[in-house]
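K.L.:
Going by our numbering, the first residue of the sequence shown is number 477, and it counts up by one from there. Glycine included, every Cβ here is placed at the ideal spot set by N, Cα and C.
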Amino acid sequence: MSVPKTIEKEAEKLRADIRKHEHRYYVLSDPEISDFEFDKLMRRLQELERQYPELVTPDSPTQRVGGEPAEEFSKVRHAVPMLSLENTYSVDELRDFDRRVRELSGRAKVEYVGELKLDGLSMALTYENGVLTHGVTRGDGIQGEDVTANVKTIRSVPLKIDAKKLDLIGRPSRLEVRGEVIMTRAAFEQLNAQREAAGEPRFANRRNSAAGTMRLLDSKQVAQRKLDIYLYQLLASGSAPLPEHWKTLDALEKMGFKVNPHRRLCRSFEELLKYIEEWETKRDQLEYEIDGIVLKVNDTRLWEELGTTAKSPRWAVAYKYPARQATTQVKDIRAQVGRTGTLTPVADLEPVDVGGVTVSHATLHNMDEIQRLEVKIGDTVLIQRAGEVIPQVVKVVQHAPDGREFRMPKKCPVCGGDVFRAKGEVAYRCVNTACPAKLKESLLYFAGRRAMNIDGLGEALVDQLVDKGLARDVADL
C-alpha cells in the first residue's frame, strides 16, 4: 500500500517537530510545549508508522527504544584510538605540563580550554550522512562494545543532524563525536529508590550506575534509567579540523549536541588556575559528578605537532581534585537495621570535618568488608566522602593496641528477633516481620523525597508514631 503524499509530509513534519522539542527539553532545558503536547505529537507519529510501516526510518524518534533484548554486544575497533588522559594532582605538575607544551611548540604563551572532568563512561558516536549509526564504548581504547541501541535511548543524543548544521564543519559524510555518558543526581536517586523497593542493593555511585546501565542488554531497561551525555571531541572524515578547540565545542553545540556550558577559554596559565580553584568549591552545586578539570591546548594545529605518547595525548591533561578524606577514630561499631531487615555495620566516629561536612558515622557495608579492612573498635581510620555516597571507611591507618573486634549479633538489636545469613549472601537479616526498625525505616522511606515527600515527617516523629503504636504500617499514615 503506497503512502499518500499528505501522510508522508505529516510524518516528516512530526519527526522534525519532535526532534526540535527533544533538543529544547533535553539539551537546552528550555521546553516550548508541555509534556502532554509532546506526548500527543509522539503518539500521532507512532500511529502513522503503525498504519504505514514503510514510514519508519532509523532516525525516527520512535526508534529510540528497540525491540527484543540483545544476546551480546559485538566488538568494534575505533578508527582513531580513544586515548586516556595523563592525570596531574598538583599545581607544580600542571606547571610542568605547561612548560613542556611551550617548549615543544616553541611558543612563549599557550591558550587552554578548561572543561569539567565528568565522572562517567566514555562513548564514541558515529554519524553517516547525518544519521546516527553507531555508539561504541571506549573499552581498552583500541576497541569497544557496540551499544548503539542503548545510546539511542539517551534523549539528548540527536538521532539525525540537519544537513545545514553539518555545513558548519564542511558537511563530512562520516562524523565521530566523543563524550561522556553520565547519570544525574536525580536519576541516580530515583534508580536507587526503585532498587530498594525491589529488595536489590543500591548502586554505590553514579559512575558505576551509568557504566552498568550502558551494558544492559535490554534497551527498554536502559531507557527507564534516564542517562545523559555531554560531548567534547569531534572527528570528521574528509574535512579539516577547526583551528581552535573552543570553536569546535561551539560548533558541536550549534549542531545540536549537548556540550558542557561551564567550559572556559583560558588565555593564561593564571586564568587556568582560577578556573580550577573556582570549580573545586562549586562542584557540589552540579547535578552530576566531576572529579577534576580537563585542560586542552586550544590551537588544534598544535595537536598534531605535539603528538601523543603510547597512552595519552601531549596536548591535554587532567587535573584531579583531591579526595575528600580525613582520619579519625572508631568509637564503636554497631548493627543498623534497614527497612528490608538487613543489618549493616556502621562505625561511630570521633566527629571530623570532611570537605566542609562534619562526619560522625560511616558505613562498613557488611562483615566481608570489615574482615577485608581488618578494622576494630578503637582503630584510627581514613574515611572518605564523595558526592552522594554515604561516608565510608577507606582503610585502617593505625590499629589500637586494645582494639575490639565487632561481631554481628545473633539477635536483632531492635526487636530481639533471630538474625539469619542465607547461604551465598553477604547480608545478615532480621527475620521478624514485625520488627519496629524495619517499620520505621519503611515509614521514613515512604515519607522521604524519593517517594511521597511528606514535609515534617522525620525520624523523631516516626519514632513516636511507632513506639506509641499509632502506626503499624504505611497505610496508617
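May I have the straight-line CA-CA distance separating residue 481 from residue 490, to the nearest angstrom?
P.N.:
Residue numbering aside, residue 481 sits at position 5 when the sequence shown is read from its first letter. Residue numbering aside, residue 490 sits at position 14 when the sequence shown is read from its first letter. Spanning the two alpha carbons is a distance of roughly 14 Å.
K.L.:
Looking only at its chain, what residues have a beta carbon closer than 6 Å to the beta carbon of residue 740, apart from the 5 residues adjacent to it on each side?
P.N.:
In the sequence shown, the residue the question calls residue 740 occupies position 264. Excluding residues within five positions, the ones whose Cβ falls inside 6 Å are 590 and 751.
K.L.:
Does DSSP put residue 517 in a helix, in a strand, or in coil?
P.N.:
Within the sequence shown, the letter at position 41 stands for residue 517. Reduced to three states, the DSSP call for residue 517 is helix.
K.L.:
Taking 8 Å as the threshold, find out whether the region 623-631 comes into contact with the region 572-586 through three or more Cβ pairs.
P.N.:
Verdict: no, contact absent.
K.L.:
Buried or exposed: residue 498, going by 16 or more other Cβ atoms within 10 Å of its Cβ?
P.N.:
Residue numbering aside, residue 498 sits at position 22 when the sequence shown is read from its first letter. It is buried - the Cβ of residue 498 has at least 16 other Cβ atoms within 10 Å.
K.L.:
Does the Cβ of residue 744 have 16 or more other Cβ atoms within 10 Å, making it buried, or fewer, making it exposed?
P.N.:
The residue labelled residue 744 in the question sits at position 268 within the sequence shown. Burial call: exposed.
K.L.:
Can you list, in chain order, the residues of its chain whose CB lies under 6 Å from that of residue 654, leaving out five sequence neighbours each side?
P.N.:
Position 178 of the sequence shown, counting from 1, holds the residue named residue 654. Excluding sequence neighbours, residue 654 sits near 600 and 709.
K.L.:
Apart from the five residues just before and just after residue 541, which ones in its own chain have a Cβ nearer than 7 Å to its Cβ?
P.N.:
Locating residue 541 in the sequence shown gives position 65, where the first residue counts as 1. So the list reads 629, 695, 696 and 699, once near-sequence residues are dropped.
K.L.:
For a quick check, are the C-beta atoms of residue 549 and residue 623 less than 8 Å apart?
P.N.:
Working through the sequence shown from its first residue, we reach residue 549 at position 73. Working through the sequence shown from its first residue, we reach residue 623 at position 147. Yes, they are a contact pair.
K.L.:
Rounded to a whole number of angstroms, what is the C-alpha to C-alpha distance between residue 827 and residue 643?
P.N.:
Residue mapping note: residue 827 aligns to position 351 of the sequence shown, counting from 1. Residue mapping note: residue 643 aligns to position 167 of the sequence shown, counting from 1. Rounded to the nearest angstrom, the two C-alpha atoms are 59 Å apart.
K.L.:
State the start and end residues of the unbroken alpha helix (DSSP H) segment that holds residue 490.
P.N.:
By 1-based counting over the sequence shown, the position of residue 490 is 14. Residues 481-498.
K.L.:
Could you tell me if residue 770 is buried or exposed, where buried requires 16 or more neighbouring beta carbons within 10 angstroms of its beta carbon?
P.N.:
Residue mapping note: residue 770 aligns to position 294 of the sequence shown, counting from 1. Residue 770 is buried by the Cβ-count criterion.
K.L.:
Return the CA-CA distance between residue 522 and residue 495, expressed in angstroms with no decimal places.
P.N.:
Residue 522 sits at position 46 when you count from the first residue of the sequence shown. Residue 495 sits at position 19 when you count from the first residue of the sequence shown. Residue 522 and residue 495: Cα-Cα distance of roughly 14 Å.
K.L.:
Would you list the one or two residues that DSSP bridges to residue 598?
P.N.:
Within the sequence shown, numbered from 1, the residue matching residue 598 stands at position 122. Answer is 656, bridged to residue 598.
K.L.:
Determine the direct distance from the alpha carbon of residue 860 to that of residue 821, and round the result to whole angstroms.
P.N.:
On the sequence shown, position 345 is the one that residue 821 refers to. On the sequence shown, position 384 is the one that residue 860 refers to. Looking at the two C-alpha atoms, the distance is approximately 17 Å.
K.L.:
Ordered along the chain, which non-local residues of its own chain (more than five positions away) have a Cβ less than 6 Å from that of residue 874?
P.N.:
Here residue 874 corresponds to residue number 398 of the sequence shown, with the count starting at 1. These residues qualify, in order along the chain: 856.
K.L.:
Just to confirm the assignment: which complete beta strand (DSSP E) runs, minimum length 3, are found wholly within the region 599-671?
P.N.:
Runs of the beta strand (DSSP E) inside the region 599-671: 607-613, 619-621 and 650-658.
K.L.:
Residue 748 lies in the alpha helix (DSSP H); which residues open and close that run?
P.N.:
By 1-based counting over the sequence shown, the position of residue 748 is 272. Taken as a continuous stretch (DSSP letters only), the alpha helix (DSSP H) holding residue 748 covers 745-758.
K.L.:
Which residue or residues does DSSP assign as beta-bridge partners of residue 705?
P.N.:
As a first step, residue 705 must be located in the sequence shown, where it is residue number 229. Answer by DSSP bridge pairing, in chain order: 657.
K.L.:
Considering only residues of the same chain and omitting the five flanking positions on each side of residue 713, which have a CB-CB separation below 7 Å?
P.N.:
The count along the sequence shown starts at 1 and reaches residue 713 at position 237. Closer than 7 Å at Cβ, skipping near neighbours: 648, 649 and 650.
K.L.:
Look up residue 846 in the DSSP assignment and say whether it is helix, strand or coil.
P.N.:
By 1-based counting over the sequence shown, the position of residue 846 is 370. Of the three classes helix, strand and coil, the one that applies to residue 846 here is helix, per DSSP.
K.L.:
Determine the closest residue to residue 558 out of 788, 884 and 637, with distance taken between C-alpha atoms.
P.N.:
Here residue 558 refers to the residue found at position 82 of the sequence shown. Nearest option by C-alpha distance: 788.
K.L.:
When the Cα atoms are used, what is the spatial distance from residue 834 to residue 798?
P.N.:
Here the question's residue 834 lines up with position 358 in the sequence shown. Here the question's residue 798 lines up with position 322 in the sequence shown. So the alpha carbons of these two residues sit roughly 18 Å apart.
K.L.:
Using three-state DSSP, classify residue 736 as helix, strand or coil.
P.N.:
As a first step, residue 736 is located in the sequence shown; it is residue number 260 there, counting from the start. Of the three classes helix, strand and coil, the one that applies to residue 736 here is coil, per DSSP.
K.L.:
Please state whether the Cβ-Cβ distance between residue 531 and residue 492 is less than 8 Å.
P.N.:
Taking the first residue of the sequence shown as position 1, residue 531 is located at position 55. Taking the first residue of the sequence shown as position 1, residue 492 is located at position 16. The answer is no: Cβ separation not under 8 Å.
K.L.:
Examine the Cβ distances between the region 807-819 and the region 884-898 and report whether three or more of them are shorter than 8 Å.
P.N.:
Verdict: yes, contact present.
K.L.:
From what residue to what residue does the alpha helix (DSSP H) around residue 841 run?
P.N.:
By one-based count along the sequence shown, residue 841 stands at place 365. Note, residue 841: premise wrong, no alpha helix (DSSP H); not H, not E.
K.L.:
On a Cα-Cα basis, can you pick out the residue from 819, 839, 858 and 837 that is closest to residue 907?
P.N.:
Mapped onto the sequence shown, residue 907 falls at position 431. When each option's Cα is compared against that of residue 907, the closest is 819.
K.L.:
Label residue 896 either buried or exposed according to how many other C-beta atoms from any shown protein chain fall within 10 Å of its C-beta, with 16 as the threshold for buried.
P.N.:
For this step, residue 896 is matched to residue 420 along the sequence shown. Counting Cβ neighbours within 10 Å, residue 896 comes out exposed, since fewer than 16 surround it.
K.L.:
How long is the line joining the alpha carbons of residue 636 and residue 727, rounded to whole angstroms?
P.N.:
Here the question's residue 636 lines up with position 160 in the sequence shown. Here the question's residue 727 lines up with position 251 in the sequence shown. The alpha-carbon atoms of residue 636 and residue 727 are separated by roughly 16 Å.
K.L.:
Is DSSP giving residue 803 helix, strand or coil here?
P.N.:
One-based indexing of the sequence shown puts residue 803 at position 327. Strand, per DSSP.
K.L.:
Going by the beta-carbon positions, is the gap between residue 793 and residue 579 smaller than 8 Å?
P.N.:
Locating residue 793 in the sequence shown gives position 317, counting from the first residue. Locating residue 579 in the sequence shown gives position 103, counting from the first residue. Against a cut-off of 8 Å, the Cβ pair of residue 579 and residue 793 comes out as no contact.
K.L.:
Below 8 Å between beta carbons: does that hold for residue 734 and residue 632?
P.N.:
Here residue 734 refers to the residue found at position 258 when the sequence shown is read from its first residue. Here residue 632 refers to the residue found at position 156 when the sequence shown is read from its first residue. A contact, by the Cβ cut-off of 8 Å.
K.L.:
Beta carbon of residue 682, beta carbon of residue 664: below 8 Å?
P.N.:
The residue labelled residue 682 in the question sits at position 206 within the sequence shown. The residue labelled residue 664 in the question sits at position 188 within the sequence shown. It is a contact, given that the beta carbons lie within the stated cut-off.
K.L.:
Specify, as a first and last residue, the run of the alpha helix (DSSP H) that residue 819 falls within.
P.N.:
For the purposes of this step, residue 819 is taken as the residue at position 343 of the sequence shown. Run containing residue 819: none in the alpha helix (DSSP H); it sits in the beta strand (DSSP E), 818-830.
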